[in-house]
Amino acid sequence: MAAPDPGTEGLAAYAAARGLELVEGARLPRRTPLLAEGELRSVDAVASGWLATYVEATLAVVTRDGGRFTVAVTHVPKAKRFVPWLLCHRTEDEHLLGRAFEGLVHGADRVDLGSAELDAHYRIYADRERDDVWLHELFSPAFVVYLIERAPTGFAFEYVEGTLCVSLLGSRTLAEDLDGLRDATVELVGKLRAEIRERLGEAKGRSAPTPPGYPEPEP
Numbered sequence: 017m018a019a020p021d022p023g024t025e026g027l028a029a030y031a032a033a034r035g036l037e038l039v040e041g042a043r044l045p046r047r048t049p050l051l052a053e054g055e056l057r058s059v060d061a062v063a064s065g066w067l068a069t070y071v072e073a074t075l076a077v078v079t080r081d082g083g084r085f086t087v088a089v090t091h092v093p094k095a096k097r098f099v100p101w102l103l104c105h106r107t108e109d110e111h112l113l114g115r116a117f118e119g120l121v122h123g124a125d126r127v128d129l130g131s132a133e134l135d136a137h138y139r140i141y142a143d144r145e146r147d148d149v150w151l152h153e154l155f156s157p158a159f160v161v162y163l164i165e166r167a168p169t170g171f172a173f174e175y176v177e178g179t180l181c182v183s184l185l186g187s188r189t190l191a192e193d194l195d196g197l198r199d200a201t202v203e204l205v206g207k208l209r210a211e212i213r214e215r216l217g218e219a220k221g222r223s224a225p226t227p228p229g230y231p232e233p234e235p
């Protein structure tokens, strides 16, 4: 009899302690490169629920050819009008990215935000049809400091057409690691929503809860 997977057990314990629902056989949206069809070998454990007020997400441990990742997947639909896709990866982890990443960026969509310190830690790529003013406001000096000094070890995020995938490298299912992933996800969602409201106004920029990681239905 196979030994229990510590990643599965760790996420199950965390879900029970934090009021999340453990979901058997759940599928994740395959929009972002990290979760792309054909590159994701398995989804090993999944828990869903509210990480904070108005931040609903799915937490999961996934396996790719490059190793395991712990992810939080949620949905920020209104950001796509400013940047259809946006990738932010640790510099040292770029070798782990696969064909879906290469197919999306085409080697020519790296963003220069004018920060040598940020460039030393992260590689940022975005759709060429982006709103550069909005993107530079998103990566404010305070947010850059957060990424460099306060984000969890192995932190990265991918945003593609409404789906936001925040990830940590490895099977990170100790409570303190999952709390770090939760807090980073809430921080990032809050930052995205704040910049959306800044541009669209409070009424049009408000986000209603939607199923985590999935696009809104077409009207």
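When you read off a place in the sequence shown, starting at 1, and then add 16, the result is the number in the numbering used here.
For glycine and all other residues, C-beta sits at the position ideal for the given N, C-alpha and C.
Where residue i sits in the DSSP three-state scheme
| i | result |
| --- | --- |
| Phe159 | helix |
| Pro228 | In this predicted model, Pro228 has a pLDDT of only 48, less than 50, meaning its place in the structure is not dependable; the value taken from the coordinates is given anyway. Coil at Pro228, not helix or strand. |
| Phe117 | helix |
| Glu141 | Residue 141 is actually Tyr in this sequence, not Glu. In the structure shown, Tyr141 sits in a strand (DSSP, three-state: E or B). |
| Val182 | strand |
| His152 | helix |
| Ala136 | helix |
| Glu211 | helix |
| His122 | coil |
| Ala167 | coil |
| Val202 | helix |
| Glu177 | coil |
| Leu129 | coil |
Nearest-angstrom Cβ-Cβ length linking residue i and residue j, presumed shorter than 8 angstroms
| i | j | result |
| --- | --- | --- |
| Leu180 | Val92 | 5 angstroms |
| Leu27 | Leu67 | Actually they are not in contact, since the Cβ atoms of Leu27 and Leu67 sit about 14 angstroms apart, beyond 8 angstroms. |
| Glu177 | Arg46 | In fact, because the Cβ distance is near 12 angstroms, the residues do not count as touching under 8 angstroms. |
| Val77 | Thr86 | 5 angstroms |
Residues near residue i by beta carbon distance below 7 angstroms, same chain, minus five either side
| i | result |
| --- | --- |
| Phe159 | Lys207 |
| Ala172 | Cys104, His105, Arg106, Asp109 and Ser183 |
| Thr200 | Thr is not the amino acid found at residue 200; the sequence shown has Ala there. Once the five neighbours on either side are set aside, the close Cβ partners of Ala200 are Ala167, Pro168, Phe171 and Val182. |
| Glu145 | Pro100 |
| Gly229 | With a pLDDT of only 44 at Gly229, under 50, the local geometry of the prediction cannot be trusted, and the value read off the model is given with reservation. Around Gly229: Leu44, Pro45, Thr74, Val89, Thr90, His91 and Thr179. |
Neighbourhood of residue i by C-beta, 6 angstroms cutoff - its chain only, sequence neighbours within 5 removed
| i | result |
| --- | --- |
| Met17 | Low confidence applies here, because Met17 scores a pLDDT of 38, under 50, leaving its location unreliable; read the following figure in that light. Closer than 6 angstroms at Cβ, skipping near neighbours: no residue. |
| Leu154 | Glu211 |
| Phe117 | Pro49 |
Contact set for residue i: own chain, Cβ-Cβ below 8 angstroms, skip 5 residues either direction
| i | result |
| --- | --- |
| Arg43 | Val59 |
| Gly114 | Pro49, Ala52, Glu55, Arg80, Asp81 and Gly82 |
Checklist line | Whole runs of the alpha helix (DSSP H) within the segment 20-94, excluding any shorter than 4 residues | finding: 22-34
Checklist line | Contact between the segment 125-136 and the segment 80-99 (3+ Cβ pairs under 8 angstroms) | finding: no
Check: With contact counted as at least three CB pairs below 8 angstroms, one residue from each stretch, are the segment 28-35 and the segment 58-66 in contact?
Finding: yes
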